[in-house]
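> Protein chains in written order, with my numbering: chain E, 1 to 183; chain U, 184 to 366.
Have a look at this one before I ask anything.
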């Protein structure tokens with residue numbers, strides 16, 4: 001059919017990089033607390049920690065982004081999606097300049113099949129034009145030019161706007177349907 | 184009239200950062216040559232140097248991007264343009280990961296009035312949607328979604344495609360006309 005491949009912008013933090021787990025581990029380590037994922041449900045990220053300012057400071061520590069675990073299923077899913085879609089990793093990394101190289105190196109390690117040509121570090125994602133955006137934040141999804149897809153994270157469990165996906169398995173199911181509908 | 188502000192994507196290298204001068208200076212310093220800007224006219228950048236591989240290596244040196252001079256008139260022009268347009272700095276920095284923080288810091292020093300929200304470091308600029316793109320490279324201008332504007336650099340003097348501007352004074356003249364035409 002010679003269809004034009006559609007494009008998907010994919011957020012990093014809490015979508016392919018497990019920043020939530022990373023943040024909890026680092027906080028518990030530092031302050032001897034026993035915070036778990038369930039403590040963060042429905043609360044804006046850093047506000048969920050006993051000392052929000054201390055939690056915020058952890059993000060600026062060298063290595064914070066470099067050593068985050070990968071979200072389950074993300075590698076296999078992106079590798080499969082890449083067969084049918086143009087995949088762009090789009091991270092609002094500019095707020096944390098020290099994260100730029102760490103995020104690049106993290107992608108290079110865990111997603112070596114994503115070319116540097118398909119990586120975007122920005123501030124405001126409204127300037128990005130792709131057919132889909134998979135993200136955990138309304139501040140990005142509400143202003144995107146394509147179809148917004150909300151990836152479940154602790155802080156967004158009560159959000160009712162936008163199509164929601166709870167895992168990379170669900171993303172694959174959704175995108176398979178999108179592919180069928182576009183033929 | 185409540186007009187929506189139009190957006191301009193602005194390239195860094197050879198558009199606001201004088202990479203050409205920087206590169207020549209570093210090369211002459213290293214190899215005792217006396218290359219001048221006129222030697223680079225109409226030739227793809229690094230190929231213009233006697234030893235292209237050595238020239239290419241200079242780009243990867245720490246500090247290469249951090250200490251580039253500012254293109255004449257860029258600061259005043261961007262400051263003025265910002266009154267009427269949404270300005271985004273869009274640099275294909277991902278090819279040189281070590282340049283990411285250097286470019287961020289350079290912008291912070293020389294263009295402190297540009298917010299981190301308006302900075303984009305990417306690979307392929309075709310994913311950026313702005314009303315205008317000011318750039319020195321056809322690989323970016325040919326695929327942009329808005330109006331392409333070719334900023335003169337040594338390597339592109341023979342290019343005949345796209346509206347050409349030779350200086351930031353000419354950019355201001357052009358954008359003033361665009362603004363009048365859009366009212």
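Glycine residues also receive a C-beta, built at the ideal position from the N, C-alpha and C atoms.
For clarity, every value in this text was computed on a predicted model and none was experimentally measured.
Round the Cβ separation of residue 73 of chain E and residue 167 of chain E to the nearest angstrom and send it over; I've been treating them as touching at under 8 Å.
For this step, residue 73 of chain E is matched to residue 73 along the first chain. For this step, residue 167 of chain E is matched to residue 167 along the first chain. Contact holds; Cβ gap of about 6 Å.
> What's the gap between the Cα of residue 299 of chain U and the Cα of residue 265 of chain U?
What you label residue 299 of chain U is simply residue 116 of the second chain in a count that begins at 1. What you label residue 265 of chain U is simply residue 82 of the second chain in a count that begins at 1. Roughly 14 Å between the two C-alpha positions.
> Just how far apart, CA to CA, sit residue 5 of chain E and residue 84 of chain E?
Your numbering for residue 5 of chain E matches position 5 in the first chain. Your numbering for residue 84 of chain E matches position 84 in the first chain. Cα-Cα distance, rounded: 7 Å.
> Below 7 Å CB to CB, which residues in the same chain sit around residue 252 of chain U once its five sequence neighbours on both sides are set aside?
On the second chain, position 69 is the one that residue 252 of chain U refers to. Counting only Cβ-Cβ distances below 7 Å, and skipping sequence neighbours, we find 201, 204, 205.
> Please report whether the beta-carbon of residue 301 of chain U lies at a distance below 8 Å from any beta-carbon of chain E.
The sequence position of residue 301 of chain U within the second chain is 118, counting from 1. Interface residue, yes.
> Check residue 243 of chain U in the structure and name its three-state DSSP category.
Locating residue 243 of chain U in the second chain gives position 60, counting from the first residue. Coil, per DSSP.
> Quick one: any contact between the region 89-109 of chain E and the region 142-160 of chain E, if contact means 3 or more CB pairs under 8 Å?
Counting Cβ pairs under 8 Å, fewer than three are found: no touch.
> Could you check whether the Cβ of residue 184 of chain U sits closer than 8 Å to any Cβ belonging to chain E?
As a first step, residue 184 of chain U must be located in the second chain, where it is residue number 1. Only weak support exists for where residue 184 of chain U lies, its pLDDT of 47 falling under 50; the value from the coordinates is given anyway. By this cut-off, residue 184 of chain U is not an interface position.
> Roughly how many whole angstroms lie between the Cα atoms of residue 112 of chain E and residue 274 of chain U?
Counting from one through the first chain, the residue named residue 112 of chain E turns up at place 112. Counting from one through the second chain, the residue named residue 274 of chain U turns up at place 91. Whole-angstrom Cα-Cα distance: 22 Å.
> Going straight from the alpha carbon of residue 175 of chain E to that of residue 67 of chain E, what length do you get?
By one-based count along the first chain, residue 175 of chain E stands at place 175. By one-based count along the first chain, residue 67 of chain E stands at place 67. Each residue's alpha carbon lies about 29 Å from the other.
> Check distances from the C-beta atoms of the region 262-278 of chain U to those of chain E and list, in chain order, the residues that come in under 7 Å.
Going along the region 262-278 of chain U in chain order, one finds 271, 277, 278 with a Cβ nearer than 7 Å to chain E.
> Start and end of the beta strand (DSSP E) containing residue 171 of chain E?
One-based indexing of the first chain puts residue 171 of chain E at position 171. It is not in any beta strand (DSSP E) - residue 171 of chain E instead sits in the alpha helix (DSSP H) that spans 168-181.
> Going along the chain, which residues of its own chain have a beta-carbon closer than 7 Å to the beta-carbon of residue 27 of chain E, five neighbours each way excluded?
The count along the first chain starts at 1 and reaches residue 27 of chain E at position 27. Closer than 7 Å at the Cβ level, and outside the excluded window around residue 27 of chain E, lie 33, 35, 49, 55, 58.
> Starting from residue 264 of chain U, trace the alpha helix (DSSP H) in both directions and tell me its first and last residue.
For the purposes of this step, residue 264 of chain U is taken as the residue at position 81 of the second chain. Start and end: 257-264.
> If residue 198 of chain U and residue 318 of chain U are in contact, beta carbons under 8 Å, what's the gap, nearest whole angstrom?
What you label residue 198 of chain U is simply residue 15 of the second chain in a count that begins at 1. What you label residue 318 of chain U is simply residue 135 of the second chain in a count that begins at 1. Confirmed, about 6 Å.
> With 16 other CB atoms within 10 Å as the buried threshold, where does residue 212 of chain U fall?
Your numbering for residue 212 of chain U matches position 29 in the second chain. Exposed is the call here.
> Which one or two residues does DSSP pair with residue 190 of chain U in a beta bridge?
The count along the second chain starts at 1 and reaches residue 190 of chain U at position 7. In the DSSP output, where bridge partners are listed per residue, residue 190 of chain U has U:269.
> Kindly list the residues whose CB is nearer than 8 Å to the CB of residue 243 of chain U, restricted to its own chain and excluding five residues on each side of it in sequence; keep chain order.
For the purposes of this step, residue 243 of chain U is taken as the residue at position 60 of the second chain. Answer for residue 243 of chain U: 279, 281, listed in chain order.
> Quick one: does residue 67 of chain E have its CB under 8 Å from some CB of chain U?
Translated into the one-based positions of the first chain, residue 67 of chain E becomes position 67. False, the Cβ-Cβ gap to chain U never drops below 8 Å.
> So that I know if they touch, is there some Cβ in chain U lying closer than 8 Å to that of residue 124 of chain E?
Position 124 of the first chain, counted from the first residue, corresponds to residue 124 of chain E. It does; some Cβ of chain U falls within 8 Å.
> Between which two residues does the beta strand (DSSP E) containing residue 35 of chain E stretch?
The residue labelled residue 35 of chain E in the question sits at position 35 within the first chain. No beta strand (DSSP E) holds residue 35 of chain E; DSSP gives it neither H nor E.
> Ignore the nearest five residues each way along the sequence and tell me which others in residue 348 of chain U's own chain have a CB closer than 8 Å to its CB.
Working through the second chain from its first residue, we reach residue 348 of chain U at position 165. Excluding residues within five positions, the ones whose Cβ falls inside 8 Å are 317, 332, 333, 334, 335, 354, 357.
> Within 10 Å of its beta-carbon, does residue 169 of chain E have 16 or more other beta-carbons around it, so buried, or fewer, so exposed?
The sequence position of residue 169 of chain E within the first chain is 169, counting from 1. Exposed, because fewer than 16 other Cβ atoms sit within 10 Å of the Cβ of residue 169 of chain E.
> Could you pull out every residue in the same chain whose Cβ sits closer than 7 Å to the Cβ of residue 340 of chain U, ignoring the five residues on either side in sequence?
Working through the second chain from its first residue, we reach residue 340 of chain U at position 157. So the qualifying residues of the chain are 224, 225.
> Which chain A residues sit within Cβ distance under 9 Å of residue 97 of chain E?
Annotation note: the requested chain A is absent from the structure, which comprises protein chains E and U.
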